[in-house]
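One point on numbering: in the UniProt record's numbering, the residue at position 179 of the sequence shown is 179, and numbering is uninterrupted.
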Amino acid sequence: MACGRLRTVVMIYAHRGYAAKEPEMTWASYRAAIDWAERTGQPLGLECDVHYSGDGHLICLHDLTVDRTSTSHGRAYDRSLAELRILDFGSWRTRRPSPDQRRLITLAELIELTAVARARGVDVSLAIETKHPNPRGTEVEDGVAALLEPYGWTTLGSPVRIISFSLPGLERAGELMPEVPRTFLIEKDFGDWWDGRLPEGITTVGPDYELLLQEPDYLARALERGHGIDVWNPNTPQEVTWCLDRGVTGITTDDPAMAARTIARWSKRHSGIA
């Protein structure tokens, strides 16, 4: 597509919370993202990855194990929520973590944190990635819907987007919450979707930035079909600019402030283009 196409609204998603500043997917990471959105008035999506603890609680944790982001090791599914709560999820990222930097957050807690922020006028929403494969399959989508339903967030106008690499997971989410938007994530290759098509009922694709560098023509094909493109995970001004030049509709990044500054500069530079 032409470099000059102007997107008036590019949505920013805080990848695993404000991961550039805080340990990912902890209370501190999501509170930092919400605080930034409140200070700036910037609309912000809060991205998280969810799967089950051993006793059936949906937790926000990227990996199926706790090895990378905690001081322990082993599968999260082999631990109860109480056992996960006593682990330190902050020391890998910062020398002397605060309680909020050490503390894993559950999806139920993140939903409530988001609802409270929205009630005081902060423009935050949720992008919930259901992790697959996982030991309980599409029961993850069932659990997500059950947690969202009391807030009225399973219907049209919900401040939630369900995202996943798993087509069965997205299909299940569509059955449970047909009016909640869904994003099909793609990482290693576009496969059968190389021509810009998306699965039925899905109108947004979430490709890896590194994949787009290898296949930049994909962007034009997807945009020609009217699809949204929410790219992950550009984390420098140069990477964000590359995406903006090609018409993306969303940026998922560890550093939302950097993305917002870059979008503002890009928009100013292109404001005279029809």
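Every residue, glycine too, gets a C-beta built ideally from N, C-alpha and C.
All of these numbers come straight from a predicted model, not from anything done at the bench.
Between the C-alpha atoms of PRO256 and ILE162, what's the straight-line distance to the nearest angstrom? The residue you call residue 256 lines up with position 256 of the sequence shown. The residue you call residue 162 lines up with position 162 of the sequence shown. Note on geometry: alpha-carbon atoms of PRO256 and ILE162 lie some 20 Å from one another.
Three or more C-beta pairs below 8 Å linking the region 157 to 171 and the region 126 to 143: Touching, yes, given that three or more Cβ pairs across the two stretches are closer than 8 Å.
Starting from MET11, trace the beta strand (DSSP E) in both directions and tell me its first and last residue. Here residue 11 corresponds to residue number 11 of the sequence shown, with the count starting at 1. Looking at the DSSP string, the run of the beta strand (DSSP E) that includes MET11 is 11 to 14.
Using the rule of at least 16 other Cβ atoms within 10 Å of the residue's Cβ for burial, across every protein chain shown, is LEU156 buried or exposed? Along the sequence shown, read from residue 1 onward, the residue named residue 156 stands at position 156. LEU156 sits exposed, since fewer than 16 C-beta atoms from the chains shown fall within 10 Å of its C-beta.
Where the beta strand (DSSP E) through TRP232 begins and ends: Position 232 of the sequence shown, counting from 1, holds the residue named residue 232. Residues 228 to 232.
Provide the residue(s) that pair with PHE184 in DSSP beta bridges, ordered along the chain. As a working mapping, residue 184 is identified with position 184 in the sequence shown. In the DSSP output, where bridge partners are listed per residue, PHE184 has SER164, VAL205.
Check GLU129 in the structure and name its three-state DSSP category. Reading the sequence shown from its first residue, position 129 is the one you call residue 129. If DSSP states are grouped into helix, strand and coil, GLU129 belongs with the strands.
Residue ranges of each alpha helix (DSSP H) run of no fewer than 4 residues wholly in the region 95 to 157, ordered along the chain? Segments of the alpha helix (DSSP H) lying fully in the region 95 to 157: 99 to 102, 107 to 119, 139 to 148.
Note down, in chain order, each residue of its chain lying with its Cβ closer than 6 Å to the Cβ of ILE263, except the 5 sequence neighbours on either side. The residue you call residue 263 lines up with position 263 of the sequence shown. Excluding the 5 residues flanking it on each side, ILE263 has same chain C-beta neighbours closer than 6 Å at VAL10, in chain order.
GLU149 versus PRO178, ASP55, ARG136, THR241, residue with shortest Cα-Cα distance: Indexing the sequence shown from 1 puts residue 149 at position 149. PRO178 is the residue among PRO178, ASP55, ARG136, THR241 whose C-alpha sits nearest the C-alpha of GLU149.
Between which residues of its own chain and THR241 is the CB-CB distance below 7 Å, once the five residues before and five after are set aside? Your numbering for residue 241 matches position 241 in the sequence shown. Excluding residues within five positions, the ones whose Cβ falls inside 7 Å are THR262, TRP266.
Backbone secondary structure at THR253 - three-state DSSP: For this step, residue 253 is matched to residue 253 along the sequence shown. In this structure, THR253 counts as strand in the three-state DSSP scheme.
Going by Cα to Cα distance, which pick from GLU139, GLU83, PRO159, PRO135 is closest to ALA119? One-based indexing of the sequence shown puts residue 119 at position 119. Per the Cα distances, PRO159.
Quick one: residues in its chain with C-beta nearer than 6 Å to the C-beta of HIS57, no 5 flanking neighbours on either side, listed in chain order? Looking up residue 57 in the sequence shown gives position 57. Result list for HIS57: LEU81, THR106, in chain order.
The beta strand (DSSP E) with ILE59 in it runs from where to where? Mapped onto the sequence shown, residue 59 falls at position 59. Element bounds for ILE59: 58 to 60.
Mind checking which residues open and close the beta strand (DSSP E) that includes ASP49? Locating residue 49 in the sequence shown gives position 49, counting from the first residue. ASP49 -> beta strand (DSSP E) spans 44 to 52.
May I ask you to report which of helix, strand or coil DSSP gives ARG75? Here residue 75 refers to the residue found at position 75 of the sequence shown. Here ARG75 sits in strand by DSSP.
CB of VAL66 to nearest heavy atom of the ligand GDP: below 6 Å? Questions concerning the ligand GDP fall outside what the structure shown contains, since it holds no ligand whatsoever.
Applying the criterion that 16 or more other CB atoms from any shown protein chain within 10 Å of the CB defines a buried residue, is PRO99 buried or exposed? For the purposes of this step, residue 99 is taken as residue 99 along the sequence shown, with counting starting at 1. When all chains shown are included, PRO99 counts as exposed.
Identify every residue that forms a DSSP beta bridge with THR26. Taking the sequence shown and counting its residues from 1, one reaches residue 26 at position 26. Note: THR26 sits in a beta bridge opposite LEU104.
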